[in-house]
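Novice: Numbering (our numbering), first residue to last: 928 to 1024.
Please find one structure pasted underneath; my questions will follow.
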């Protein structure tokens, strides 16, 4: 069966154009946590880290994307996008259990 919890990071942008800039940086090889520090509007956590989250504890659209991702590192992230009421998210997962 799939993971019940994930160690997740995200980059949150209110504007689509800003999210596209952040994606371009990632595609150019920038580290996920560096891009999060520069672009994310969620300043609560450095580097976009949300920590370990269990199924059912996140926004449904965010969760559907996040739990589908395989684990990767900030230096070589596997990421995906989601749109929620908060804005545009770029999501990566560092661990699954």
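Every residue gets a Cβ at the ideal spot worked out from N, C-alpha and C, and that includes glycine.
#1: Restricting to Cα atoms, I'd like to know which of 991, 1019, 1000 is closest to residue 1011.
#2: Provide the residue span of the beta strand (DSSP E) that contains residue 1010, from first to last.
#3: Roughly how many whole angstroms lie between the Cα atoms of residue 942 and residue 1015?
#4: For the beta strand (DSSP E) holding residue 930, just list the boundary residues, first then last.
#5: Contact between the region 979 to 991 and the region 999 to 1013: three or more CB pairs below 8 Å?
#6: Is residue 976 helix, strand or coil when you go by DSSP?
Specialist: By the coordinates alone:
#1: 991
#2: 1006 to 1011
#3: 7 Å
#4: Counting along the chain, residue 930 falls outside any beta strand (DSSP E), and DSSP gives it neither H nor E.
#5: yes
#6: strand
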